[in-house]
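**Q** Here the sequence shown is numbered in full-length UniProt numbering, starting from 1 and rising by one per residue.
One structure, pasted below without further comment.
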Amino acid sequence: MAKRGGFSGGMPGNMNNLMKQAQKMQKQMEESTKALEEKEITATAGGGAVEITMTGKKEIKKVKLSEEVVDPDDIEMLEDLIMAATNEAIRQVEELSSQSMAKITGGLGGLSGGFPF
Numbered sequence: 001m002a003k004r005g006g007f008s009g010g011m012p013g014n015m016n017n018l019m020k021q022a023q024k025m026q027k028q029m030e031e032s033t034k035a036l037e038e039k040e041i042t043a044t045a046g047g048g049a050v051e052i053t054m055t056g057k058k059e060i061k062k063v064k065l066s067e068e069v070v071d072p073d074d075i076e077m078l079e080d081l082i083m084a085a086t087n088e089a090i091r092q093v094e095e096l097s098s099q100s101m102a103k104i105t106g107g108l109g110g111l112s113g114g115f116p117f
């Protein structure tokens, strides 16, 4: 009569190892995420005329404007510079996040941004 159910050989031990590794990776990802959220990134536009400081949570902490960029007759330019500095800060935060996750996952794209299949 054939055996029913269960795994044969060393499979349960391998599954336990896999679960331990997954738990370790999860803890590392949580620690990395917390560290990233506490970082501040500063980005500029217009040769430093506009400066945006943003946290790793993508929250703006500070906006600094040079006096010469504040021209009531050219509000559109100021708006564009603020937008450019904000987008650059977001890009830098996302790059830091990607680098941090790549260190943990060993560059496995499937674990940090979706499944590769």
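Note that beta-carbon positions come from the ideal geometry of N, C-alpha and C, so glycine has one too.
1. May I have the straight-line CA-CA distance separating GLN92 from LEU81, to the nearest angstrom?
2. Looking at C-beta atoms only, is the number of pairs between the region 50-62 and the region 33-42 that lie closer than 8 Å three or more?
3. Looking at the strands, I want to know which residues DSSP matches up with ILE41.
4. Who are the Cβ neighbours of GLU88 in its own chain at under 8 Å, not counting the five residues just before and after it?
5. With DSSP collapsed to three states, give me the class of VAL63.
6. Could you check which residue in LYS64, GLU95 and ASP73 has the C-alpha nearest to that of LYS39?
7. Once DSSP output is grouped into helix, strand and coil, what is the label at VAL69?
8. Leaving out the 5 sequence neighbours to the left and right, which residues in its chain are closer than 7 Å to LEU111 when beta-carbon positions are compared?
9. In chain order, what residues of the same chain lie with their CB nearer than 6 Å to the CB of MET29, ignoring the 5 residues before and after it?
10. Is SER100 buried or exposed, if buried means 16 or more other CB atoms sit within 10 Å of its CB?
**A** In brief:
1. When rounded, the distance between both Cα atoms is 17 Å.
2. yes
3. MET54
4. ALA43, THR44, ALA45 and ILE52
5. strand
6. GLU95
7. helix
8. Only weak support is given to the placement of LEU111: the predicted model assigns it a pLDDT of 48, under 50, and the value that follows is read from those uncertain coordinates. The answer, listed in chain order, is THR105.
9. ILE104
10. buried
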